[in-house]
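In my numbering, the protein residues as written are 663 to 868. We put the beta carbon where it would ideally sit given N, CA and C, even for glycine.
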DNA sequence: TTCGTGATAGAG
DNA sequence: TCTATCACGAAG
């Protein structure tokens, strides 16, 4: 009986990774493992937000977000409370284009029992299959805001041990600029928050 | 489908 | 001060 292992190589992702552009970072983060203290999981869903020309990015409407970009280095986490309930985990990309990657879903790999207690669910698919779920499972809150994930081995990203097939489709949950195909998911993965639309993959001319 | 929840920003 | 908005999730 074969079991799919989703372990990472152990090689930590450095700041250079985030000194490029948000699309490229979001796409390549799929398959990487997020380590957060005693817990972690493989990223199976991520979205890109561009600081310039993207109405859905907080930079478009929030002066405080633009200030965050100015004062922080690539790899800093940007955390905010959504709908008064859910913390959102983003990573600052500061390079050829500035912006953020929103981490939207994980396939749990470590600290699963602890995450189940925090989430008060037993089904592993319910642990981290959404941006608000994963922050609850990993106990990510505003206290982590502005922490840099490229300098601390306890809170970092690790490169994948194997390549993953990535699907690009429209971003979800936003009311503006949703047409950009800037959501990246791991193909057929059961831990993705919402399955990509049929035919929603990257097509030429989009 | 509806609704809770609080940070943020902008108007008055 | 007041109000609109919001990258969500759970319940029904």
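Query, Result
"Determine whether the beta carbon atoms of residue 761 and residue 710 lie at a separation below 8 Å.", "yes"
"Where DSSP assigns a beta bridge to residue 846, which residues make up the other side?", "708, 830"
"Our contact map puts residue 819 next to residue 717 with C-beta atoms below 8 Å; I'd like the distance itself, whole angstroms only.", "Contact doesn't hold; Cβ gap of about 28 Å is too wide."
"Under 7 Å Cβ to Cβ from residue 931, same chain only, skipping five residues before and after it: list those, please.", "No information on residue 931 is available, as it lies outside the stretch 663 to 868 that the chain covers here."
"On the three-pair Cβ rule with 8 Å, is the region 763 to 775 touching the region 787 to 794?", "yes"
"So is residue 690 buried or exposed if we call it buried at 16+ other beta carbons inside 10 Å?", "buried"
"On the DSSP letters alone, give me the boundaries of the beta strand (DSSP E) that residue 735 sits inside.", "Looking at the DSSP string, residue 735 is not in any beta strand (DSSP E), and its letter there is neither H nor E."
"Out of 724, 778, 737, 806, which one is the CA nearest neighbour of residue 674?", "737"
"What residue from 793, 753, 809 has the CA that sits closest to residue 683's CA?", "753"
"On the three-state DSSP scale, how would you describe residue 687?", "helix"
"Closer than 8 Å is the cut-off here; do at least three beta carbon pairs connect the region 724 to 742 with the region 805 to 825?", "yes"
"What is the residue span of the beta strand (DSSP E) that residue 770 lies within?", "760 to 772"
"I need the straight-line Cα distance from residue 844 to residue 805, nearest angstrom please.", "28 Å"
"Could you check where the beta strand (DSSP E) with residue 822 kicks off and where it finishes?", "817 to 822"
"Measure how close the beta-carbons of residue 846 and residue 688 come, nearest whole angstrom, since I'm counting them as under 8 Å.", "5 Å"
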